[in-house]
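Participant:
Residue numbers (the working numbering), protein chains in the order written: chain A, 5 to 119; chain L, 9 to 118.
In structure tokens:
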């Protein structure tokens with residue numbers, strides 16, 4: 005059973021370009037979370053999605069950032085018009101149930117570098 | 009607003025030592041307290057999850073305790089091994105969001 009798969013592992017973008025980060029949850033998992041880890045800072049919650057639904061996006065910046073988890077295919081975190089401050093490691097996690105005490109399984113992350 | 013603090017920030021010990029990592033949180037209204045391990049380039053691995061109604065959880069050489077009233081959790085690692093070298097993160101569960109500490113970077117020297 006493959007774990008949570010994130011790609012690409014490393015993504016380099018120039019300022020103003022778009023970044024698309026993909027996350028395929030573990031088989032059988034229908035709940036996806038995105039977290040961001042800025043340099044020298046702790047991980048910060050961004051968004052929680054179930055298939056075709058955004059449940060909680062309170063951690064998402066109001067502009068340029070969007071996320072989706074379609075019925076088929078991976079979850080996508082999209083950052084439009086990237087700026088240097090978007091450079092960070094982006095981690096995706098998945099779980100089976102909509103339970104507060106459900107263990108999360110994390111991917112290896114995507115390291116975004118904005119030049 | 010929940011804040012999570014971990015001390016020490018870094019720790020270096022010889023192999024075989026028992027050690028304690030500390031985590032404190034400011035808001036005791038948590039659903040759970042979780043400990044993770046982060047290895048460079050390998051993401052995060054869930055180690056232990058203590059529900060708010062529980063006092064401790066154990067897995068192998070790891071034991072985590074939770075004292076909600078004092079806002080503290082400790083991770084105890086027995087008989088440390090070089091393979092335990094990693095960054096250990098604690099996170100306070102607030103509904104479906106995790107509020108994270110900055111971690112303790114552990115080096116176990118052979």
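Note that the Cβ used here is the ideal one computed from N, Cα and C, for glycine as well.
The model shown is predicted, which means the values in this text are computed figures rather than measured ones.
When Cβ atoms are compared, which residues of the region 81-107 of chain A fall closer than 7 Å to chain L?
Facilitator: Those residues of the region 81-107 of chain A that come within reach of chain L (Cβ to Cβ, closer than 7 Å) are 95, 104, 105, 107.
Participant: Can you pull the chain A residues whose beta carbon is under 8 Å from the beta carbon of residue 40 (chain L), in chain order?
Facilitator: Going along chain A in sequence order, the residues near residue 40 (chain L) (Cβ under 8 Å) are 104, 105.
Participant: Shortest alpha-carbon distance to residue 18 (chain L) belongs to which of L:94, L:106, L:59, L:89?
Facilitator: For residue 18 (chain L), the nearest C-alpha among the options comes from L:94.
Participant: Taking 8 Å as the CB-CB cut-off, is residue 47 (chain A) touching chain L?
Facilitator: Closer than 8 Å: yes.
Participant: With a threshold of 8 Å, are at least 3 pairs of Cβ atoms found where one atom belongs to the region 13-27 of chain L and the other to the region 100-119 of chain A?
Facilitator: They do not touch, by the three-pair rule.
Participant: Since I believe residue 99 (chain L) is in contact with residue 107 (chain L) (beta carbons under 8 Å), could you give me their beta-carbon distance rounded to a whole number of angstroms?
Facilitator: With a Cβ gap of about 6 Å, residue 107 (chain L) and residue 99 (chain L) count as contacting.
Participant: Spell out a yes or no on whether the region 43-58 of chain L and the region 98-114 of chain A are touching, meaning 3 or more CB-CB pairs, one atom from each, closer than 8 Å.
Facilitator: Contact between the region 43-58 of chain L and the region 98-114 of chain A is present, because at least three Cβ pairs lie under 8 Å.
Participant: Spell out whether any CB of chain A is found under 8 Å from the CB atom of residue 54 (chain L).
Facilitator: Cβ-Cβ to chain A under 8 Å: yes for residue 54 (chain L).
Participant: Taking its Cβ as the centre, do 16 or more other Cβ atoms sit within 10 Å of residue 40 (chain L), making it buried, or is it exposed?
Facilitator: Residue 40 (chain L) is buried by the Cβ-count criterion.
Participant: Can you list the residues of chain A that residue 43 (chain L) reaches, using a CB-CB cut of under 8 Å?
Facilitator: Within 8 Å Cβ-Cβ: nothing; residue 43 (chain L) doesn't reach chain A, min ~11 Å.
Participant: Please report how far the alpha carbon of residue 71 (chain L) lies from the alpha carbon of residue 87 (chain A), in whole angstroms.
Facilitator: Distance between the alpha carbons of residue 71 (chain L) and residue 87 (chain A) is about 42 Å.
Participant: Just how far apart, CA to CA, sit residue 81 (chain L) and residue 21 (chain A)?
Facilitator: Spanning the two alpha carbons is a distance of roughly 43 Å.
Participant: Going by DSSP, which residues form a beta bridge with residue 28 (chain L)?
Facilitator: According to DSSP, which records beta bridges pairwise, residue 28 (chain L) is partnered with L:84.
Participant: Using CA atoms only, rank isn't needed, just tell me which of A:34, A:47, A:6 is closest to residue 94 (chain A).
Facilitator: The option with the nearest alpha carbon to residue 94 (chain A) is A:47.
Participant: Please report the straight-line C-alpha distance between residue 151 (chain A) and residue 117 (chain L), rounded to a whole angstrom.
Facilitator: The structure shown has nothing for residue 151 (chain A), since chain A only spans 5 to 119.
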